[in-house]
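Inspection log for the structure reproduced underneath, given as structure tokens.
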Amino acid sequence: MIAEPNSVANLPNHKNAGQHPTEINTCNGTSSLASSPTVCVSKICSGQSPNLTDQILGERKQETAGGEEENGIHEEVVSESTVQNGSCLRNGNVKTFRGKRKIREQCENRRRHPSDGRRPNQPQNGEVVEAVTLFEVVIMGKSAMQSVVDDWIEAYKSDRDVALLDLINFFIQCSGCQGMVTAEMFQSSQNCDVMQKMTETFDEATGLQYKKFMAYPWILTVTWPVDMDDKDYPLVKAGPYWKKFRTNFCDFTSVLVQQCQFSILYDNYLMDTIISLLSGLAESMVRAFRHTSTLAAMKLLTALVNLIVSIDVSKHNLERLYEVEKSRPTGKRTNTRLDQLEKKKKEYEQKHLDIENMMNAIFKGTFLQRYRDIIPEIRAICIEEIACWMTTYPDRFLTDSYLKYIGWMLYDKQPDVRLKCLQGLQGIFGQKALGCKMDLFTCRFKDRLVSMTLDRDHEVAVQAMKLLMLMSHLIIQEIEIEAFSKSNAKWEPNSSQLRALIDFFLESELHSHVTYLVDSLWDWAPSLLKDWEYMTALLLGNADSHEQALTDAHERVLIEIILATVREAAEFHPPVGRGGTRRILSSREKKIQVEDCTRITEHFIVVLPQLLAKYSVDTEKVTNLLHIPQYFDLELCSAELLDKHLDTFLSEIKAVVNKHSYTDVLNACARVYATLCGEDGSGHKKVGLARDELVDELVHTLNQCLDTFWDEGGGFRAEKEGIHHICLTLRRITAFHHAHDLTRWNLYDTLAKLLGFEVEQNALPVQVLWPAFQCAYSALLWQLSSALETTSSKESILALRTHLKQYCHICTCYLSHRSRKLREKAFMILCDLLMIVSHQGLSDGLIECVEYLPSSSLQSKLLFFVEDHVFAEEPKEFRVLTGEEVKKMEEQKLDALQQKRCLLAAYCKLIVHNVVEMTAAAEIYKHYMRTYNDFGDIIKETLSRTRQNDKIQSAKTLILCLQQLFQKHARSQDNSNSINSIDSSFNNIKELARRFALTFGWDQVKSRESVAMIHKDGIEFAFQGIGALEGKSLPPNLNFLLILSEFSNKLLKPDKRLVYSYLLRYTSEPALCKEEFVYSLEWYRTSLLASDEDESSIISSISEWPSDRTPCKKNLSEGSCAKTSHTEMANTPSHAHCPSDLPSLAQNSRKRLKSHDSCHQEYPSGPERLKRKYSIPDGVMVENTVEVLAEEADIDVVGADQET
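Structural data, given as structure tokens:
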């Protein structure tokens, strides 16, 4: 980190100096000369030395290289025995305690009661205060900056000392200082005591801080409170108001130089004072002073750079005019004119020299001190401005002596500073004339620039990559020009770059997505990526003969690049993962998009048939080429060009269809026809006719083959070649039926007959049934779409309903087919079809005829299919495999897992959309723990969606899942109710319940009804069948209370009391038994009660209930129940003796909620209380208390934020 500088004005010794103080009060926003009773004024403007500033600034640092270090600036602090305290004494610097106390009280009063002038733009008593000082004018920003500066220049010409004091006050106030400024005239250089006071110190007696420095011809003493906020001054304040102030502040500095260049800029007084002031403030230990003065000084130097450039241009024009005048014949040449030009030339030279001196003073006095400041904002300002100087005035600043500062700051720890370096270098390398002069810099810092592409800051890495692109572009151009200049071939500027891009992609092996490579270069190499003429020429072999031919891998990558560039140009949107939602294009972007689409259509309608003919055998290349026409816009293409080449293009596509049997190629061909025909059939008529002709041929071929192979007895006989021919034809028809409405060819009846024959005979090969399944499904979807979009007759709707039922029956039969591939295909199609026909968006008249809901038997078959094909464990093979076999097996496992996930997701969609009953989800939830890694996300999403649809039914599904698992566990344990029967399977059920409880999230109020329903159903299930036992044994499901206790921490405290009251209706008396067999009951009771007081309060409330609502009591102390109670319960329905009051407990107990914090209170854990009161047998597995306490921290939220 760069060290905080010690701010000392390192001035040379001067003797015989006298001081005459003049104070500027900056607290109230005004500068006054003898305008305040607390201000004394003594102004003596004698003994001024115009060239003293150059001497001071020249000797100030003496090239501070000897005193500077890499990480900081170390200077000597000069102690000050006597400090000017800001009081207005006419003769000398005598300090008194009374004067110190007076100043301190004034500063404190100003802090406590700021004057009305602090915010001049705020209305007071209904009026707006007029601006008085420069600071007020600039901060209000209501006047044009040029007029403000012109008014100040007029004031300067009238009284330059008053105007200068106002300017000094402006810079002090812009720093956020609310103290006082004392200005003393520097009279002579005979008193060395003045130089001892050029320091910054703190006066403990007054509690004020002082800054004394030279702003020739003034000696300024700035006094401010020590508690001045270093992080809250105008330049760093947030909001549009202060952002505008920063802009006005920078504009003021620039306009000041611009307007003063013709009058007072060269008077050896104004600029000396400003430079001395800014240099002195830049050495302060106060951040506000350094930041403000550095920004002002850098903007001042930038304005001087712009001025010197304009002077050089004027001087160059004057020299040309002088040469022209001098070259005239003697009779036409006038010496007076030459003398005037010579005089003007010397004037420009003198101005150039003066500005050079000013620039040197600012650079050495401010930049060299502050480009390594501890504050990153100050360093960023310096680097940003020096880069601007290099591009504006390269003859002076674009040298290694200045470039080194940017190079050094590339290693800065702050990303903002590194970013400014990179952006500045982009401006330099963006100009070819400047980039050619950067050889030494590139050689020295190229390793650093390359490493910055991996910068931890994303924006820095992006800008580093853009800079390297600019640098490489310049280098490649130079190499290409040099190489082609030695040969007679025509120079193609994109040749070597395109080949280098292909080689980079093939050699990098980072990924296989050309789309993202193209998107990364889209903004920086549009001419290269849009040079489709040269790319296709390379593919067709029409490039220059001297170029090396492309290999097969190069051709494959180049075709992918062509497709990616065409897509990017047509859609004008980055690929998935790059950028957010689609933005609205500007008029300029829309114009570029239309021009690119026109170029794509006109070029590829000519070239694409040639490319298809050349690569017709290669499946991958043909597929990528066939994706290009979907970006055509035939309306932009000329009719003459379209008529000339469209026939050739369509004939090549037809040839590809007849030649290929791969699904990807056939789908791409069908998509081309769909694109050229238009979504609504408004495309070119030739395309529609060509498509119909092709479909006619395919359908005729299919019918002819099927008629040949159907035997007279209704069977099917075919040879191997005939089967293959039928399969190819079905694939082609399926691809076109997926993209086009082929209803008028009536393909469904033919395909249904083929599929029905397989159901009866089970004799057709899978390669024929697979496309037939998909084609029949597409035919049904097109019929359904046509019925929805148009007004159909009742006969057509009834026929559609018949087809739907018939196809669903076929799919149901194929769920048990011998081929696993066909079974899974039938299941997927059946789920999708049920989703479509049961959708609620159908019209009322169509629902009655078309709606098809699955029957109970079909739902059972679907659930059984999921159990068998998704959750069934695969048999393991025990044999030694080679490395290739292991890799192949892993790929097969991944493919199988993906297929299982698709099957499960399709079935879960039926549950979520209420196509099948929600209770079917209980069978899915059972496998949540075992298959968490493979299907956990799908199951959790299903649970979340069902909970959004119906909270209560979702809760009943969860408890049903746990009940079924518990019953299965009980059957495996021979219905034993002993605690020793709690084994690993029981703990797995308990863990599943804990996971279910975590899905309710933190908000207990939102889930209280669902959790209450779980407890109600769980309690009833635990005591189920108690009436039939007649006191002989305990309820068989009593241990289910241990599982149910996992949901207790999701209950609110009032709800726990109600649930416990509901529990007491099934027990004999509130005092619980201590025997081993009621361990589960005690565990559940403990999870509901926070303390014994809660128990007593609940018991007392129960004793006060009316007699008609007295619950049935059972005596569980001795392991048996009272016979009278059992008899009554046996003769009474369960809903009569166990009234369901819990579903409405949210309304009954809402008034008892004290605060939201009560929702998250933890009660004493069950195991701790049991350990204190009971001795637990050895066979019991007691969970760790830490796990119970950590339940709320281990949140596995599903749908926790589903409601607001």
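Residue numbering for the sequence shown follows our numbering, beginning at 1453 and increasing consecutively.
Using N, Cα and C, we set each Cβ at its ideal position, and we do this for glycine too.
Asked                                                                                                                                                                                                   : Found
Any chance you could list the alpha helix (DSSP H) runs of at least 4 consecutive residues sitting entirely within the segment 2322-2401, in chain order?                                               : 2335-2364, 2373-2377, 2384-2401
Comparing C-alpha positions only, which one of 2019, 2006, 1916, 1716 sits nearest to residue 1967?                                                                                                     : 2019
Rounded to a whole number of angstroms, what is the C-alpha to C-alpha distance between residue 2231 and residue 2201?                                                                                  : 10 Å
Can you grab the Cα-Cα spacing for the pair residue 1813 / residue 1727, in whole Å?                                                                                                                    : 7 Å
Whether or not the segment 2449-2468 and the segment 2407-2419 are in contact is what I'm after, with contact meaning three or more pairs of Cβ atoms, one per stretch, closer than 8 Å; do they touch? : yes
Here's the rule: buried if 16 or more other CB atoms are within 10 angstroms of the residue's CB, otherwise exposed. What is residue 1863?                                                              : exposed
Using C-beta distances below 8 Å, list every residue in its chain close to residue 2189, excluding the 5 sequence neighbours before and after it, in chain order.                                       : 2199, 2227, 2230, 2231, 2234
Given that a residue counts as buried once 16 or more other Cβ atoms are within 10 Å of its Cβ, and exposed if not, what is residue 1768?                                                               : exposed
Check residue 1977 in the structure and name its three-state DSSP category.                                                                                                                             : coil
Would the beta-carbon of residue 1800 fall within 8 Å of that of residue 1766?                                                                                                                          : yes
Any idea what DSSP makes of residue 2288, helix, strand or coil?                                                                                                                                        : helix
Within this structure, are the beta carbons of residue 2218 and residue 2271 separated by less than 8 Å?                                                                                                : yes
Would you identify the three-state DSSP class for residue 1737, choosing helix, strand or coil?                                                                                                         : coil
Please state whether the Cβ-Cβ distance between residue 1821 and residue 1874 is less than 8 Å.                                                                                                         : no
Beta carbon of residue 1850, beta carbon of residue 1889: below 8 Å?                                                                                                                                    : yes
Tell me which same chain residues have a C-beta within less than 8 Å of the C-beta of residue 2031, skipping the five on either side of it?                                                             : 2025
What do you get for residue 2281, buried or exposed, if any count of 16 or more other CB atoms within 10 angstroms of its CB means buried?                                                              : buried
When you compare each of 2225, 1831, 1715 to residue 1872 by their alpha carbons, which one comes out closest?                                                                                          : 1831
Residues in its own chain within less than 7 Å of residue 2058 by CB, not counting five upstream and five downstream?                                                                                   : 2097
Taking the straight line between their C-alpha atoms, what separation do you get for residue 1970 and residue 1980?                                                                                     : 10 Å
Tell me whether the beta-carbon of residue 1705 lies closer than 8 Å to the beta-carbon of residue 1755.                                                                                                : yes
Using DSSP with H/G/I as helix, E/B as strand and the rest coil, what is residue 1499?                                                                                                                  : Reliability of the predicted coordinates at residue 1499 is poor, the pLDDT of 33 falling under 50, and the value obtained from them is presented with this limitation in mind. Correct three-state label for residue 1499: coil.
Under three-state DSSP, which class holds residue 2197?                                                                                                                                                 : helix
Count Cβ pairs between the segment 2413-2428 and the segment 2385-2393 that sit closer than 8 Å; are there 3 or more?                                                                                   : no
Which same chain residues end up closer than 8 Å to residue 2364 when comparing Cβ atoms and leaving out the 5 residues on each side of it in sequence?                                                 : 2394, 2397, 2398, 2401
Please name the residue in 2028, 1739, 2371 whose C-alpha comes closest to that of residue 2312.                                                                                                        : 2371
Answer yes if the segment 2076-2086 comes into contact with the segment 2045-2053, meaning at least three C-beta pairs across the two stretches below 8 Å, and no otherwise.                            : yes
Between the C-alpha atoms of residue 2037 and residue 1964, what's the straight-line distance to the nearest angstrom?                                                                                  : 30 Å
For residue 1794, does the count of other Cβ atoms within 10 angstroms reach 16, so buried, or fall short, so exposed?                                                                                  : exposed
Can you give me the Cβ contacts of residue 2067 inside the same chain, cut-off strictly under 6 Å, excluding the 5 residues immediately before and after it?                                            : 2073, 2074
On a Cα-Cα basis, can you pick out the residue from 1628, 1735, 1720 that is closest to residue 1697?                                                                                                   : 1628
Quick check on this structure: which residue in 1917, 1975, 1983, 2088 has the alpha carbon closest to the alpha carbon of residue 1949?                                                                : 1983
I'd like the list of long-range same chain contacts for residue 2085, defined as Cβ closer than 6 Å, with 5 residues on each side in sequence excluded.                                                 : 2049, 2053
For the segment 1983-1993 and the segment 2005-2019, state whether three or more C-beta atom pairs, one from each stretch, are separated by less than 8 Å.                                              : yes
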